[in-house]
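As structure tokens, the structure follows; a few thoughts come after it.
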Amino acid sequence: MSTAVLLPTGSAMARRRRVFAVILRDFYVLRRSTARIFEVVYWPVIELVVWGYVSVFLQTRQVPAVATTLLGGVLLWQVLFRAHSESSVGFLEDIWSRNLLNVFAAPLAVSEYLTGIIAFGALKLLTGIAIMAGIAFALYGFGIFSLGPALLPFLAVLLTMGWALAIVTFGIILRFGQGAEILAWALAFVFQPFAGVFYPVHVLPPVMQAIAKVVPASYVFEGMRIVLAGGGVPWSNIGIAALLNLLYAAGALWFFARMVAKVRANGGLSRFGE
Amino acid sequence: MAILETRELVKRFRQMTAVDGVSFTVNDGEVVGLLGPNGAGKTTTLHMILGLVTPDSGQVLLFGQDLAAHRAEALSRLNFAAGYVNVPGALTVEENLTTFAHMYAVRRPRQRVSEVVDLLDLRDLRKRRVRLLSSGQQTRVQLAKALLNEPQLLVLDEPTASLDPDVGDRIRELLLRLVREKDQAMLITSHNMREVERMCDRIHFMSDGRIVATGSAAELSAAYEVDNLEEVFLRVARKRTRRDQENLKGAL
């Protein structure tokens, strides 16, 4: 009987195994798909090359510090964007392959499912970013480590925000179906104008500046410009961003849990088997 | 002992009542069929048992525990396969089964995958991608996935719908053998009346979200004074159609 072949459901080992199952599945999908492997590096590299040479050109026109801030912006934006999109694609794989009912009828907790998807998304993202950082250094002499000790908190803020947006995306797709899948690539861009990726927030009109104050990424990009201009690490900015991120993450988890409850109540989950 | 008990399950989708007070049990080693015309509420009932749909009222007890309160524990001891659900087609048979073995926290995933591969005669196909398999082979993969955790209750929604008669027959043989050897219970929906007659110890006929008749195939045939289950099905389905037509006339 099943109790003999299974680990105790609530044990830490069983929980780890269920998270590992999601990571393993995503790894197999990636390994079997040349297109997906290609995607991990293709768009980041294209963006880096285009923006890199734009910044080289501007630098030849004596626009000060443009090269480093643009390249820093490109690299860090990719962290946020890909944290969101890589995780969202992991969720979409279950919908595209009509596997979602198998997953939701398994003893996998929602938290274990999200952890697995986000963990594998992070592995893909780190691979892509490492390649980009190498290219940025080789082509333009820009070392991402020039951001010094601020680099790690910057990355943490951007990753957390990207994952929070991904969890919101999962919830919207669950609730409204595959028609909403474009959000897997588009949602992060809603925040780009307010995040001040390529320009300081103070150039924005007052209304947009007010919105930027509640976008965690804006504190990272502002902070990046301060660090690259030779200022100290803006720890207070990082602290505000971290607090905002806590709210974003809590809100995203609450929203996803609500959407799961909603689709279980209105039969929307069954629709993914049709 | 009742492995599954549903108590007065009700599910409404907007104005439509999909399931209306469904109560039944499935005991150890028993094969129970849920039959009925399209839209009778069979799949909604199964999905409530699997935790995919939340009942508006009523209760699902699995292994004596409330599903709503002990979801992970209950779901680890059952499994399901359905014609409308796939496993990821880009993965090989073995990769898919390994993934699900981990998802169900099977103690020795490799060994168990190897066992179900042999059980479902999938050894030659284990390195092939699922999307390249025929629908019959894909159904076998689904069933292999459903057996990974040696479920005490196997929930099957039209499991042999896409199979040719030969493969369908072999699958039925296999499932019956499992029930006998492992004392597993099975809850099954099907539109294949001969399959149901052959496999099910007890049958619940559903219509308009309610169980309208219960018994063995022979008892139901006797109660409706017909020769076989197919004729029982037609009686139930046509009674509903006549009522629908009368309602429509009234509305016009």
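Residue numbers (the working numbering), protein chains in the order written: chain A, 2 to 275; chain B, 1225 to 1476.
Glycine included, each C-beta is placed from N, C-alpha and C at the ideal position.
Here the structure is a predicted model, which is why all the values come from computation and not from measurement.
Hey, would you say residue i sits closer than 8 Å to residue j, going by beta carbons?
i                    : j                 : result
valine 1234/B        : glycine 268/A     : no
histidine 1326/B     : leucine 25/A      : yes
glutamate 1454/B     : methionine 1417/B : yes
isoleucine 1412/B    : proline 1375/B    : no
valine 23/A          : isoleucine 168/A  : no
phenylalanine 1287/B : alanine 1296/B    : no
valine 1403/B        : methionine 1410/B : yes
alanine 185/A        : leucine 101/A     : no
valine 1492/B        : isoleucine 1273/B : It is not possible to answer for residue 1492/B, since the shown part of chain B is limited to 1225 through 1476.
histidine 1293/B     : leucine 1380/B    : Correcting the residue type first, residue 1293/B is alanine in the shown sequence and not histidine. Against a cut-off of 8 Å, the Cβ pair of leucine 1380/B and alanine 1293/B comes out as no contact.
glycine 1433/B       : alanine 1314/B    : no
phenylalanine 222/A  : leucine 77/A      : yes
arginine 1331/B      : valine 261/A      : no
valine 1436/B        : valine 1456/B     : no
Excluding the 5 residues flanking residue i on each side, which residues of the same chain have their C-beta closer than 7 Å to its C-beta?
i                : result
proline 217/A    : Val158, Met162, Ala242, Leu245, Asn246 and Tyr249
tyrosine 1328/B  : Ser1300, Leu1372 and Asn1373
threonine 1249/B : Ala1226, Leu1228 and Glu1229
leucine 49/A     : Val75, Met133, Ile136 and Ala137
Any Cβ of chain A within less than 8 Å of the Cβ of residue i?
i                 : result
leucine 1276/B    : yes
methionine 1423/B : no
leucine 1228/B    : no
methionine 1327/B : yes
threonine 1323/B  : yes
glutamate 1405/B  : no
valine 1317/B     : no
asparagine 1373/B : yes
alanine 1314/B    : yes
leucine 1476/B    : Its pLDDT being 49, under 50, leucine 1476/B is placed unreliably in this model, and the value from its coordinates should be taken loosely. Closer than 8 Å: no.
valine 1391/B     : no
Three-state secondary structure (DSSP) at residue i?
i                    : result
arginine 1426/B      : strand
glutamate 1419/B     : helix
lysine 1463/B        : helix
asparagine 1262/B    : coil
threonine 1278/B     : coil
valine 158/A         : helix
threonine 1316/B     : strand
alanine 1385/B       : coil
isoleucine 96/A      : helix
phenylalanine 1287/B : coil
methionine 209/A     : helix
glutamate 1449/B     : coil
asparagine 246/A     : helix
valine 1311/B        : coil
valine 1234/B        : strand
leucine 1380/B       : strand
arginine 1434/B      : strand
Would you please verify whether the beta carbon of residue i is less than 8 Å from any beta carbon of chain B?
i                   : result
leucine 127/A       : no
leucine 254/A       : no
leucine 268/A       : The sequence given here places glycine at residue 268/A; leucine does not occur at that position. At least one chain B Cβ lies under 8 Å of glycine 268/A.
glutamate 87/A      : no
phenylalanine 105/A : yes
serine 112/A        : no
leucine 115/A       : no
phenylalanine 21/A  : yes
leucine 8/A         : yes
methionine 2/A      : Residue placement at methionine 2/A is poorly supported in this model, since its pLDDT is 48, which falls under 50; the coordinates still yield a value, given next. With 8 Å as the cut-off, methionine 2/A counts as an interface residue toward chain B.
leucine 102/A       : yes
serine 98/A         : yes
tryptophan 15/A     : Note that residue 15/A is alanine in the sequence shown, not tryptophan. Yes, contact with chain B.
leucine 25/A        : yes
Going by C-alpha distance, which of the options is nearest residue i?
i                   : options                                       : result
phenylalanine 46/A  : Thr128/A, Arg18/A and Ile96/A                 : Phenylalanine is not the amino acid found at residue 46/A; the sequence shown has valine there. Ranking the options by Cα distance to valine 46/A, first place goes to Thr128/A.
isoleucine 239/A    : Leu166/A, Ala181/A and Pro150/A               : Pro150/A
valine 1354/B       : Glu1382/B, Glu1319/B and Ala1385/B            : Glu1319/B
leucine 1259/B      : Ala1446/B, Gly1439/B and Arg1352/B            : Gly1439/B
leucine 81/A        : Ser271/A, Val191/A, Gln179/A and Ser34/A      : Val191/A
glutamine 210/A     : Phe195/A, Gly91/A, Phe199/A and Phe222/A      : Phe195/A
lysine 1369/B       : Arg1401/B, Asp1390/B, Pro1333/B and Val1456/B : Pro1333/B
tyrosine 29/A       : Gly252/A, Ala131/A, Phe121/A and Leu72/A      : Phe121/A
leucine 109/A       : Asp1280/B, Val1246/B, Gly1275/B and Asp1388/B : Gly1275/B
phenylalanine 143/A : Ser88/A, Ala253/A, Ala258/A and Thr69/A       : Thr69/A
valine 198/A        : Leu31/A, Phe105/A, Leu72/A and Leu140/A       : Leu72/A
Excluding the 5 residues preceding and the 5 following residue i in the sequence, name in chain order all residues of the same chain whose CB lies nearer than 6 Å to its CB.
i                : result
tyrosine 220/A   : Asn238, Ile241 and Ala242
threonine 4/A    : Note that threonine 4/A scores a pLDDT of 47, beneath 50, so its modelled location is shaky; the value from the coordinates is reported in the next line. Answer for threonine 4/A: no residue qualifies.
glutamate 1254/B : Ala1409 and Asp1425
leucine 1476/B   : Reliability fails at leucine 1476/B, whose pLDDT of 49 lies under 50, so the model's placement of it is uncertain and the value that follows must be treated cautiously. There are no such residues.
Considering only residues of the same chain and omitting the five flanking positions on each side of residue i, which have a CB-CB separation below 8 Å?
i                 : result
asparagine 1310/B : Val1354, Gln1362 and Gln1366
leucine 1357/B    : Val1317, Leu1349 and Val1365
aspartate 1342/B  : none
So is residue i in contact with chain E if we call contact Cβ pairs under 8 Å?
i               : result
arginine 1336/B : Judged by its chain identifiers, the structure shown contains no chain E, and its protein chains are A and B.
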